[in-house]
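Numbering (full-length UniProt numbering), first residue to last: 1 to 276. Written below as structure tokens is the structure these notes are about.
In structure tokens, the structure reads:
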């Protein structure tokens with residue numbers, strides 16, 4: 001992968017606190033439009049995925065970013081969006097616990113699609129986090145899993161959005177994935193950013209047709225029976241007993257990692273100040 005396309009961002013840590021660290025960013029504050037979601041969503045409900053991306057590009061301009069986990073079907077959103085906005089910043093939160101196949105898959109897709117990849121990581125290394133808190137993912141209780149997600153996923157994503165001056169965030173959520181996602185609209189406001197979901201109404205067949213039409217790869221774990229993959233310790237193949245594809249994540253204790261859940265003002269303030 002061309003090194004010029006890769007940007008890895010981290011922070012310094014002191015006494016278990018995340019110290020403030022400044023990076024070179026744009027010198028001007030990007031314009032954030034004030035949208036009436038009650039008016040916008042009905043106009044986009046029946047738009048196709050490409051039209052939604054085009055609307056987001058025209059509406060948010062340089063403030064538009066997207067996120068990826070390089071999961072099973074990640075190639076769909078990465079291809080779809082970069083056909084419309086080739087140089088869009090692509091945020092990848094690397095937890096440090098991803099399978100080796102995910103890192104290789106990310107490298108291959110990044111090179112093939114010439115991604116403007118921005119890699120963000122927790123200021124706490126996996127080794128230091130385990131020394132301080134233990135193996136949080138192995139405690140199988142909601143509090144421990146939430147702490148893990150805050151440290152390894154939510155804080156880096158909040159930092160990415162802030163440093164990139166994002167006003168809108170394209171994400172590949174689909175209504176059929178979880179109970180929470182069934183209630184989503186095409187455009188929502190989460191914290192200080194708008195969230196836009198181009199493939200919200202797609203089903204698994206739509207995903208398959210797009211991948212085959214554009215000769216795009218699945219994540220290698222698809223051939224092992226996975227329909228969703230995240231960290232190596234919290235993902236497994238789907239079984240006949242699962243009610244949802246997301247039951248194969250987080251030991252079945254929860255379905256969302258926190259990146260796509262609304263934050264309270266207090267939680268957002270805590271994450272922004274990076275005092276995890």
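Where a beta carbon is used, it is the ideal one built from N, C-alpha and C, also for glycine. Keep in mind it's a predicted model, so treat the numbers as computed, not measured.
With a cut-off of 8 Å, do at least 3 Cβ pairs link the segment 107-123 to the segment 133-148? no
At the level of alpha carbons, what is the spacing between residue 187 and residue 69? As a position in the chain shown, residue 187 is number 187, starting the count at 1. As a position in the chain shown, residue 69 is number 69, starting the count at 1. Answer to the nearest angstrom: the Cα atoms are 20 Å apart.
Beta carbon of residue 235 nearer than 7 Å to that of residue 229: Along the chain shown, read from residue 1 onward, the residue named residue 235 stands at position 235. Along the chain shown, read from residue 1 onward, the residue named residue 229 stands at position 229. Yes, Cβ-Cβ distance for residue 235 and residue 229 is below 7 Å.
For residue 195, does the count of other Cβ atoms within 10 angstroms reach 16, so buried, or fall short, so exposed? As a position in the chain shown, residue 195 is number 195, starting the count at 1. It counts as buried.
Beta-ladder partner(s) of residue 89, from DSSP: The count along the chain shown starts at 1 and reaches residue 89 at position 89. Its beta-bridge partners are 116.
Per DSSP, residue 169 forms a beta bridge with which residues? What you label residue 169 is simply residue 169 of the chain shown in a count that begins at 1. For residue 169, which the question treats as bridged, DSSP gives the partners 65, 195.
Checking the sheet assignment: what are the DSSP bridge partners for residue 190? Counting from 1 along the chain shown, the entry for residue 190 is found at position 190. Bridge partners of residue 190: 193.
What did DSSP end up calling residue 183 once you bin it into helix, strand or coil? What you label residue 183 is simply residue 183 of the chain shown in a count that begins at 1. Three-state DSSP puts residue 183 in coil, outside helix and strand.
Pick from 170, 98, 79 that is closest to residue 64, judged by C-alpha positions: Counting from 1 along the chain shown, the entry for residue 64 is found at position 64. For residue 64, the nearest C-alpha among the options comes from 170.
Look at residue 92 and residue 233 and say whether their C-beta atoms are less than 7 Å apart. Position 92 of the chain shown holds residue 92. Position 233 of the chain shown holds residue 233. Cβ distance not < 7 Å, so residue 92 and residue 233 don't count as in contact.
Can you tell which of 40, 80, 88, 30 has the C-alpha that lies nearest to the C-alpha of residue 185? Stepping through the chain shown from its first residue, residue 185 is reached at position 185. Nearest Cα to residue 185 within the set 40, 80, 88, 30: 40.
As assigned by DSSP and simplified to three states, the class of residue 204: For the purposes of this step, residue 204 is taken as residue 204 along the chain shown, with counting starting at 1. Helix, per DSSP.
The segment 36-51 / the segment 161-181 touching (three or more Cβ pairs under 8 Å): no
So the candidates are 173, 183, 201; which of them puts its Cα closest to the Cα of residue 72? Within the chain shown, residue 72 is the residue found at index 72, counting from 1. It is 173.
Is residue 209 buried or exposed, if buried means 16 or more other CB atoms sit within 10 Å of its CB? Along the chain shown, read from residue 1 onward, the residue named residue 209 stands at position 209. Counting Cβ neighbours within 10 Å, residue 209 comes out exposed, since fewer than 16 surround it.
Kindly indicate the opening and closing residues of the alpha helix (DSSP H) around residue 59. Position 59 of the chain shown holds residue 59. It spans 49-60 - the alpha helix (DSSP H) in which residue 59 sits, taken as one unbroken run.
If you follow the alpha helix (DSSP H) that residue 149 is part of, which residue opens it and which one closes it? Counting from 1 along the chain shown, the entry for residue 149 is found at position 149. Run containing residue 149: 142-149, per the alpha helix (DSSP H) assignment.
Looking at the structure shown, is residue 36 part of a helix, part of a strand, or coil, going by DSSP? Here the question's residue 36 lines up with position 36 in the chain shown. In the structure shown, residue 36 sits in coil (DSSP, three-state: anything other than H, G, I, E or B).
CB-CB length for residue 231 against residue 98, believed under 8 Å: Counting from 1 along the chain shown, the entry for residue 231 is found at position 231. Counting from 1 along the chain shown, the entry for residue 98 is found at position 98. Cβ-Cβ separation between residue 231 and residue 98: approximately 6 Å, consistent with a contact (criterion under 8 Å).
Residue 219 - DSSP class collapsed to helix/strand/coil: To locate residue 219, count along the chain shown from 1; it is residue 219. Coil at residue 219, not helix or strand.
Skipping 5 residues on each side, what residues in its chain have a beta carbon closer than 6 Å to that of residue 74? Locating residue 74 in the chain shown gives position 74, counting from the first residue. Same-chain partners within the cutoff: 68.
Given a cut-off of 7 Å, decide if residue 53 and residue 90 are closer than it, judged by their beta-carbon atoms. Here residue 90 refers to the residue found at position 90 of the chain shown. Here residue 53 refers to the residue found at position 53 of the chain shown. For residue 90 and residue 53, no; Cβs fall outside 7 Å.
Separation of residue 47 from residue 151, as counted between CA atoms: As a first step, residue 151 is located in the chain shown; it is residue number 151 there, counting from the start. As a first step, residue 47 is located in the chain shown; it is residue number 47 there, counting from the start. Approximately 36 Å, taken between the alpha carbons.
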